[in-house]
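Written below as structure tokens is the structure these notes are about.
Residue numbers (my numbering): 25 to 89.
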């Protein structure tokens, strides 16, 4: 049971990372796009990606542990 939860968490995590990489490769997540949306990041899209990743990890920990 415990290993099943770990497998679900890691599979979701890998899927999420793959989607983020695809979005970054195709330019949907970009510094100019984020500044255009008014979120206020001055550099590239990496801080907002990190923030999204941390929120996703917290959700996984809350629901699956």
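Glycine included, every Cβ here is placed at the ideal spot set by N, Cα and C.
Next on the checklist: Measuring only the C-alpha atoms, how far is residue 76 from residue 36?
Outcome noted: 14 angstroms
Item to check | Residue from 87, 80, 86, 28 whose Cα sits closest to the Cα of residue 39 | outcome: 80
Item to check | residue 82 vs residue 33 beta-carbon contact at 8 angstroms | outcome: no
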